[in-house]
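Residue numbers (the working numbering): -6 to 353. Below is one structure, written out as structure tokens; comments come after it.
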Ligand code: KG4
Ligand code: ZN
């Protein structure tokens, strides 16, 4: 089955073509970072307008090299939420229009499901069940993933997301949007133990069994520290390193505790913050010491992309077809999928959407 994936939830237009037997055939991405940079953050209206300009040219860009034409598609998967409403509407409209014209299913995918399944695109993928740590600009969650569509929330942030904390702290230190990568780079030149910063919701973890996160206090602690110390360039690198270490300490400890509590030995790390080198090094070492393995998406699929949406669409459609007693690769399965598609194309976006509430 050939699936087109469309991602337009935030500031990246990502398009990909995934074949359920041959794997990822092609993908293309346009990032709006340069456009939003002068405003210091994502401007939703500009994001939507840019997605409109990019989606169809990028669809053409992936079809050509894959030697495919639109008529070959068996389904169109798109990010239905969560994200910016206007940005989501662009991908959702294009996906539904294409799918309607072709008479194939339009599959609304949860953005975080895309992220948490993205390590399955790597050459050494994890097997179900596993624990997933989702760390993006909008979310910080630990999930138990039993199978495609079976997600149990173990813990999540009660305030800021990890990526958001990186971005806001970077801003405090005078670094450009998007701050996460810039802060990580600055942290590489600093000392991790110069400033003592809080590790929120960590001390009581083993007693309470609580796997939730909180990062806004840490951000405030950095704000007060920067006001008090007015650090020079060296001091700023030390603040960055101390901040990164505090976040990494919390993410590592909670992830390992989630593995211990669920009795699982595979951890999947997904979302933009999963690109952080320090987090990867520390997780790898601590997990190995506990007899566990950590899986990451390829670097290019850590941040938003169309490949993870096409993959999630393919896996969901495959699971639905198998539930109907068919094998996904047969022509009767394709017919079944088309019959399902004929039902309706009324579409809606879900700017706020709970992953554990999605149904297959
Ligand atoms: O998953 P993603 O691309 O978009 C969302 O769905 O939010 O994640 C973007 C977030 C941003 O907050 C960005 O600053 C952060 O991931 N990020 C990083 C790094 N690369 C991206 N944070 C820390 N270290 C990095 N290397
Ligand atoms: Zn994302």
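Glycine included, every Cβ here is placed at the ideal spot set by N, Cα and C. Computed from a predicted structure; not experimentally measured.
- Annotation for residue 78: no beta strand (DSSP E) segment contains it, though the alpha helix (DSSP H) segment containing it runs 78 to 95.
- No Cβ-Cβ contact shorter than 8 Å links residue 131 with residue 174.
- Around the C-beta of residue 339, fewer than 16 other C-beta atoms lie within 10 Å, and the residue is accordingly described as exposed.
- With contacts defined as CB atoms closer than 8 Å, residue 249 and residue 279 qualify as a contacting pair.
- Taking C-alpha positions only, residue 167 is separated from residue 263 by approximately 27 Å.
- Taking a C-beta distance under 8 Å as the contact criterion, residue 297 and residue 3 qualify as a contact pair.
- Between residue 105 and residue 342, the C-beta spacing is not below 8 Å.
- For residue 195, the CB contacts under 8 Å within the same chain, skipping 5 residues up- and downstream, are 242, 243, 246 and 247 in chain order.
- In the same chain as residue 12, and ignoring 5 residues on each side of it, the C-beta atoms closer than 6 Å to its own belong to -5 and 18, in chain order.
- A distance below 7 Å between beta-carbons, with the five flanking residues on each side excluded, links residue 83 to the following residues of its chain, in chain order: 1, 41, 44, 45 and 48.
- A residue is called buried once 16 or more other Cβ atoms fall within 10 Å of its Cβ, and residue 182, having fewer, is exposed.
- According to the DSSP assignment, residue 56 belongs to the alpha helix (DSSP H) that extends over 37 to 59.
- A distance criterion of 7 Å places the beta-carbon of residue 129 in contact range of the ligand KG4, judged by its closest non-hydrogen atom.
- Residues of the same chain with a CB within less than 6 Å of the CB of residue 52, apart from the 5 flanking positions on each side, are 8 in chain order.
- If you look at residue 12, you'll find it in the beta strand (DSSP E) that goes 5 to 12.
- Taking each of 68, 33 and 63 in turn and checking the Cα distance to residue 327, the smallest one comes out for 68.
- Our two residues, residue 34 and residue 180, have alpha carbons roughly 21 Å apart in a direct line.
- For residue 308, same chain residues with a beta-carbon under 7 Å away, outside a window of 5 residues either side, are 110 and 141 in chain order.
- The closest CA to that of residue 159, considering only 303, 150, -2 and 171, is found on 171.
- Using a 10 angstroms sphere on the CB of residue 301, the tally of other CB atoms reaches 16 or more, which defines it as buried.
- The alpha helix (DSSP H) runs of length 4 or more contained entirely in the segment 187 to 255 are, from start to end of the chain, 198 to 201, 209 to 222 and 226 to 255.
- In chain order, -4, -2, 100, 102, 302, 303 and 306 place their CB closer than 6 Å to the CB of residue 70, counting only its own chain and leaving out the 5 sequence neighbours on each side.
- Going by C-alpha positions, residue 321 is about 8 Å away from residue 310.
- In summary, residue 270 is exposed, with fewer than 16 beta-carbon neighbours lying within 10 Å of its beta-carbon over all protein chains present.
- Put simply, the backbone Cα of residue 281 is about 18 Å away from that of residue 112.
- Counting every other CB atom within 10 Å of its CB across the protein chains shown gives residue 197 a total below 16, marking it as exposed.
- Nearest to residue 238 by C-alpha distance, out of 177, 290 and 39, is 177.
- Here residue 315 carries a helix assignment [DSSP, helix/strand/coil].
- Relative to the ligand KG4, the nearest heavy atom lies less than 7 Å away from the CB of residue 296.
- Taking the Cα positions, residue 117 is about 28 Å away from residue 204.
- For the 8 Å CB-CB criterion, residue 21 and residue 54 form a contact.
- A direct Cα-Cα distance of roughly 44 Å separates residue 154 from residue 325.
- As DSSP reads the structure, residue 182 sits in no beta bridge.
- Residue side-chain check: residue 171 places its Cβ nearer than 7 Å to a non-hydrogen atom of the ligand KG4.
- Between the C-alpha atoms of residue 206 and residue 146 there is a straight-line separation of about 13 Å.
- Measuring C-alpha to C-alpha distances from residue 333 to each of 64, 96 and 290 identifies 96 as the nearest.
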